[in-house]
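Residue 653, in the numbering used here, is where the sequence shown stops; the numbers in between run on with no holes.
Take a look at the structure set out below.
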Amino acid sequence: MELSMWKNSGQFFDWEGHSIFVQDTAASNKPVLLLIHGFPTASYDFHLLWPDLAETHRLIAFDMLGYGYSDKPRTWQHSIFNQADIAEALLKSKGVDECTMITHDVGDTVGQELLARHAEGKLGFRLKRVVMLNGGLFPETHRAILVQKLLLSPFGFVFTRFMKKEKLSASLRSVCSAGLSDADIDAAWTLMAHKKGNLCMHLLIQYMRERRENRDRWVEALQKADMPFALIDGVEDPISGEHMVQRFEELVPGKQTIRLAGLGHYPHLEDAAKVLGALKPLLDRQ
């Protein structure tokens, strides 16, 4: 699906005065899949998986606050907790009380917070199954690339002014083993530049600090997950590849791990067919 079609087929949801872009296939007779994207992109990351997954599931995805076609406030204290609040409010607004969750990158961290609320008995919906793609589940194994380090530095706000399409392209391609299409790079830049979103990247990257501050809560959330859970990982990822999977197996034993050889940080964009091949058997299980 082209980006223009993705935008035109979407809708907007109001959360505390902020406009949140939402995709919803609205198939009321199918089980719900909630998809949460990563940094610095948007829900369009899932467009290659969308047609196949929509055959069997109702798909709901949203651009997190500060990303994609959603509002990008530069005076807002962006946090993982707020993004989790948005996910809960969105599903409540649609009357969804049960879903399977698929997450990627910082979306994994949002997923960990939702899992923590589930463990506390405070989550507003039931998690039937969780599947996480490449992400920084553990601060000690997250290997930030240069752009992330610059954005997180005290001069991050200055660096955002020099963030251009060429820099974004180089950063994204540096973490992908199988490569990204020019169309996906163009889409990533269009989504980042929308509403001058490149100027708030240093605010969004603060999730890296939150991961350290809330490590125990979010690691325990993985360990306490009592629903079917799987980690699908492009193991060539320099940020959260094989080294992260090994740490996951050490700290969260008993959960399923699926290694995708030859793929990097964006497996669902690098080789959607391979990711679907891993996903479908998981989703077909009762």
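Every residue gets a Cβ at the ideal spot worked out from N, C-alpha and C, and that includes glycine.
Rounded Cβ spacing between Glu637 and Ala545 (contact assumed at less than 8 Å): Here Glu637 really is in contact with Ala545; their C-beta atoms are around 4 Å apart, less than 8 Å.
Alpha carbon of Arg576 to alpha carbon of His635, nearest angstrom: 26 Å
Segment contact, 8 Å Cβ cut-off, at least three pairs: the stretch 492-509 with the stretch 468-482: Yes: the two stretches touch, three or more of their Cβ pairs being nearer than 8 Å.
Span of the beta strand (DSSP E), counted from its first residue to its last, around His509: No beta strand (DSSP E) contains His509, which DSSP labels as neither H nor E.
Sufficient close CB pairs (3 or more, under 8 Å) joining the stretch 405-414 to the stretch 479-492: With fewer than three CB-CB distances shorter than 8 Å, the stretch 405-414 does not count as touching the stretch 479-492.
Neighbour-count burial assignment, Met368, 16 or more Cβ in a 10 Å radius: exposed
For Thr467: DSSP bridge partner residues: Leu400, Arg496
Environment of Gly644 [buried if 16+ CB atoms lie within 10 Å]: exposed
Buried or exposed (CB count within 10 angstroms, at least 16 for buried), Val525: Val525 is exposed by the Cβ-count criterion.
Supposed close pair Asp604, Asn501 - CB separation, criterion 8 Å: 5 Å
Simplified DSSP assignment, three categories, for Gln444: coil
The stretch 514-534 / the stretch 622-630 touching (three or more Cβ pairs under 8 Å): no
Same chain, Cβ closer than 6 Å to Leu415, five either side skipped, listed in chain order: Ala639
Bounding residues of the beta strand (DSSP E) (the contiguous stretch that carries Ser386): 385-391
Between the CA atoms of Asp391 and Pro418 - distance to the nearest angstrom: Taking the straight line from one Cα to the other gives about 12 Å.
Distance between beta carbons of Leu504 and Asp475, contact taken as under 8 Å: Confirmed, about 6 Å.
Environment of Ala428 [buried if 16+ CB atoms lie within 10 Å]: buried
Nearest to Ser395 (by Cα), restricted to the options Ala421, Leu370, Val389, Phe379: Ala421
Which listed residue (Lys532, Leu432, Leu650) has its alpha carbon closest to that of Leu457: Of the listed residues, the one whose Cα sits closest to Leu457 is Leu432.
Span of the beta strand (DSSP E) around Arg626: 623-627
Val642 and Ile599 closer than 8 Å at C-beta: Cβ atoms of Val642 and Ile599: closer than 8 Å.
Same chain only: Cβ atoms within 6 Å of Tyr633, ignoring 5 sequence neighbours per side: Cys543
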